[in-house]
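Asks: Numbering (the UniProt record's numbering), first residue to last: 1 to 107.
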Amino acid sequence: MTTGEESQDDQIGTLEEEVAFLKEQMSLLAQYLAIMIGRAQVNDCMLSALILSHPDRELLNSIWRQSSAAVIPNVIVRGPSPWDSEIADTAKQRVEHLNELADPDSG
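1. Under three-state DSSP, which class holds H54?
2. What do you reckon, are the CB atoms on A102 and L60 nearer than 7 Å?
3. With burial defined as no fewer than 16 other Cβ atoms inside 10 Å of the residue's Cβ, what is the status of R39: buried or exposed?
4. Answer yes or no: the CB of V95 versus the heavy atoms of the ligand PLP, is any distance below 6 Å?
5. Between the region 69-76 and the region 19-32, do at least 3 Cβ pairs fall closer than 8 Å?
6. Measuring straight from C-alpha to C-alpha, what distance separates A20 and I12?
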């Protein structure tokens, strides 16, 4: 085997190691995302139950609107990447859902 072939074999071996590492990292990322999505869904269910059973939904609605006004614009206005767009769309859908639940006149 010549030095050039050894060098090429070393490069291929290095690339295979890097691909294996990246596959492992992507798997861990997918697991993390699945956990985060599951938590968000559970939180949404609990929030919905708490909102719908709240004894003073008018007060809840006014506090929600006041506190969310400071947070929501930073979540919804994001950068141009597809990830940012997905996060903003999800945030908008959740806000709309919570607004509908918290507004006693909507039900």
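Just so it is clear, CB atoms sit at the ideal spot from N, CA and C, and this is done for glycine as well.
Nothing here was measured: the structure is a model prediction, and the numbers come from that model.
Replies: From the atom records:
1. coil
2. yes
3. exposed
4. No copy of the ligand PLP occurs in the structure displayed, which carries no ligand at all.
5. no
6. 12 Å
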